[in-house]
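Just so we're aligned, residue 78 is where the sequence shown starts under our numbering, counting upward by one. The beta-carbon is built from N, C-alpha and C at its ideal position, and this holds for glycine as well.
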Amino acid sequence: MDTQVQTRNRGYGIVVEPLQGLVTARRGGTVLAQSTRAKVMYETRLPPAVYFPADDVTAPLSQHTDLQTFCPFKGTASYRHILLPGGTVENGVWAYEDAMPEAAAISSHIGFMPGAEVEFEFGSNTVEMPDYGNISGPVIDWLLRDASMAATPEELTAALAEKFVEQGIYLSRLSVMAWSLHPLIAGKNYIWQKKTGAVTTYAPSYEIHDHPAYQNSPLRHVSNGLGGVRHRLDACCTDDAFPILEDLRKEGATDYVAMPLRFSDGRINVLTLTSDHPNGFSTANLGLIFECSGVIARYYEIFMQRENAQALLETYVGKRTGARVLGGEIRRGDGDEIDAAIMFCDLRGSTRLEEQLGR
Numbered sequence: 078m079d080t081q082v083q084t085r086n087r088g089y090g091i092v093v094e095p096l097q098g099l100v101t102a103r104r105g106g107t108v109l110a111q112s113t114r115a116k117v118m119y120e121t122r123l124p125p126a127v128y129f130p131a132d133d134v135t136a137p138l139s140q141h142t143d144l145q146t147f148c149p150f151k152g153t154a155s156y157r158h159i160l161l162p163g164g165t166v167e168n169g170v171w172a173y174e175d176a177m178p179e180a181a182a183i184s185s186h187i188g189f190m191p192g193a194e195v196e197f198e199f200g201s202n203t204v205e206m207p208d209y210g211n212i213s214g215p216v217i218d219w220l221l222r223d224a225s226m227a228a229t230p231e232e233l234t235a236a237l238a239e240k241f242v243e244q245g246i247y248l249s250r251l252s253v254m255a256w257s258l259h260p261l262i263a264g265k266n267y268i269w270q271k272k273t274g275a276v277t278t279y280a281p282s283y284e285i286h287d288h289p290a291y292q293n294s295p296l297r298h299v300s301n302g303l304g305g306v307r308h309r310l311d312a313c314c315t316d317d318a319f320p321i322l323e324d325l326r327k328e329g330a331t332d333y334v335a336m337p338l339r340f341s342d343g344r345i346n347v348l349t350l351t352s353d354h355p356n357g358f359s360t361a362n363l364g365l366i367f368e369c370s371g372v373i374a375r376y377y378e379i380f381m382q383r384e385n386a387q388a389l390l391e392t393y394v395g396k397r398t399g400a401r402v403l404g405g406e407i408r409r410g411d412g413d414e415i416d417a418a419i420m421f422c423d424l425r426g427s428t429r430l431e432e433q434l435g436r
């Protein structure tokens with residue numbers, strides 16, 4: 078049986094299909110799992126992932142480890158070690174114990190990490206990467222053609238939010254947390270809200286990293302490379318893993334997502350999205366934003382590099398000189414004439430006089 082569809086919908090999506098007959102997972106000569114109830118998940122532009130019912134995993138597994146990762150499409154993944162006679166495969170399997178609705182078919186099923194060196198025997202099934210086509214659409218066109226016209230990160234943030242709303246994404250709040258290289262501030266947080274249509278900029282100090290509100294926030298988890306976070310905030314979902322979720326719920330929010338924005342140096346910044354629509358965000362909505370995130374990150378990286386350079390030059394060479402350096406005055410002989418007053422004085426005994434005389 079061929080479970081792979083040659084061409085999928087161009088929109089982002091998740092499809093879970095049952096595999097027919099006996100499917101086996103091996104590592105070396107050891108059978109790790111064997112099942113007639115295995116499933117394969119196709120997630121747009123990602124390799125197919127095979128999941129087994131927990132009862133059909135024959136390899137000994139540890140208790141759940143401390144590692145958790147987050148996905149806005151599938152939910153929170155927990156991990157366990159594979160305990161083999163030849164050694165332990167750390168965090169070799171993962172499971173979504175309470176998967177998001179889009180991935181509910183693999184709730185409590187177990188998948189094997191790509192790095193665990195597991196081979197699958199699919200029997201009569203053919204599991205291959207589908208052809209998802211190219212990413213296109215008005216948002217992509219805008220990012221490639223017009224987004225570069227934004228002169229400031231605030232202007233870009235407002236334009237980005239408005240473009241998402243224009244495309245039918247029910248957005249009530251959007252924020253970008255971009256980390257800085259600055260002696261005093263940890264980063265810049267640009268927040269757009271639908272009710273005002275304006276962007277507010279915050280510049281938290283480094284104390285934010287020790288503040289309880291940050292320690293127990295999606296920003297910290299995403300910035301630490303643990304993936305994206307999603308939480309429904311409507312009446313049926315009252316389990317708030319983070320304090321900010323209750324605050325957003327009181328404002329009428331129904332859905333919350335935090336996604337990574339990766340800079341080219343590996344630094345992970347955070348894009349957050351909030352909806353007040355009864356149905357929240359659709360998978361297609363979030364998939365579109367997720368697939369655009371690399372381009373979005375590059376625009377903010379340019380802004381932050383410019384701000385970082387300006388801040389460092391102002392700190393170490395002064396505001397005026399820093400501006401001149403950024404303005405291109407970097408060659409030997411570059412300079413200008415300034416008015417100056419020169420004072421000659423005798424400083425002998427000045428320390429003793431300073432101690433004796435009042436200021």
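Chain-order list of residues whose beta-carbon lies under 6 Å from that of residue i (same chain, five-residue window excluded)
i: residue 136; result: 109, 159
i: residue 392; result: 260
i: residue 196; result: 103
i: residue 399; result: 390, 391
i: residue 304; result: 146, 147, 148
i: residue 171; result: 154, 156, 188
C-alpha distance - residue i paired with residue j, whole-angstrom precision
i: residue 192; j: residue 166; result: 9 Å
i: residue 254; j: residue 92; result: 32 Å
i: residue 245; j: residue 300; result: 28 Å
i: residue 83; j: residue 278; result: For residue 83, the predicted model reports a pLDDT of 45, less than 50, meaning its position is unreliable; a value from the coordinates is still stated below. Near 46 Å, if we compare the C-alpha coordinates of residue 278 and residue 83.
i: residue 337; j: residue 346; result: 6 Å
i: residue 414; j: residue 329; result: 60 Å
i: residue 433; j: residue 424; result: 15 Å
i: residue 162; j: residue 188; result: 20 Å
i: residue 122; j: residue 241; result: 22 Å
i: residue 412; j: residue 388; result: 21 Å
i: residue 194; j: residue 143; result: 22 Å
i: residue 95; j: residue 120; result: 15 Å
i: residue 373; j: residue 138; result: 40 Å
i: residue 224; j: residue 107; result: 53 Å
i: residue 386; j: residue 343; result: 18 Å
i: residue 100; j: residue 174; result: 22 Å
Residues that residue i bridges to, as DSSP identifies them
i: residue 332; result: 309, 352
i: residue 266; result: 254, 279
i: residue 128; result: 116, 188
i: residue 154; result: 146
i: residue 398; result: Per DSSP, none; premise fails for residue 398.
Cut-off 7 Å between Cβ atoms - residues of its own chain near residue i, not counting five sequence neighbours on either side
i: residue 78; result: Note that residue 78 has pLDDT 48, beneath the 50 cutoff, so the model's placement of it is unreliable and the number below is only indicative. The answer, listed in chain order, is 97, 201, 202.
i: residue 88; result: 361, 364
i: residue 81; result: Only weak support is given to the placement of residue 81: the predicted model assigns it a pLDDT of 48, under 50, and the value that follows is read from those uncertain coordinates. Once the five neighbours on either side are set aside, the close Cβ partners of residue 81 are 203, 204, 205, 207.
i: residue 177; result: 150, 151, 152, 307
i: residue 291; result: 285, 297
i: residue 169; result: 158, 159, 189, 190, 193
Own chain residues within Cβ distance below 8 Å of residue i, not counting five before or after
i: residue 325; result: 250, 310, 333, 351
i: residue 355; result: 311, 331
i: residue 410; result: none
Residue i, enclosing beta strand (DSSP E) - first and last residue
i: residue 196; result: 196-198
i: residue 175; result: Note, residue 175: premise wrong, no beta strand (DSSP E); not H, not E.
i: residue 120; result: 116-120
i: residue 100; result: 100-104
Extent of the continuous alpha helix (DSSP H) run through residue i
i: residue 379; result: 360-394
i: residue 244; result: Counting along the chain, residue 244 falls outside any alpha helix (DSSP H), and DSSP gives it neither H nor E.
i: residue 95; result: Premise fails: residue 95 lies in the beta strand (DSSP E), 91-95, not in any alpha helix (DSSP H).
i: residue 409; result: Looking at the DSSP string, residue 409 is not in any alpha helix (DSSP H), and its letter there is neither H nor E.
For the 8 Å Cβ check, are there 3 or more pairs between the segment 325-338 and the segment 214-225?
-> Flag = no, the segment 325-338 and the segment 214-225 do not touch.
Are the segment 198-210 and the segment 176-189 touching by the rule of at least three beta carbon pairs closer than 8 Å?
-> no
The segment 261-278 contacting the segment 221-237, beta-carbon criterion three pairs below 8 Å | Contact holds between the segment 261-278 and the segment 221-237, because three or more Cβ pairs, one in each stretch, are under 8 Å apart.
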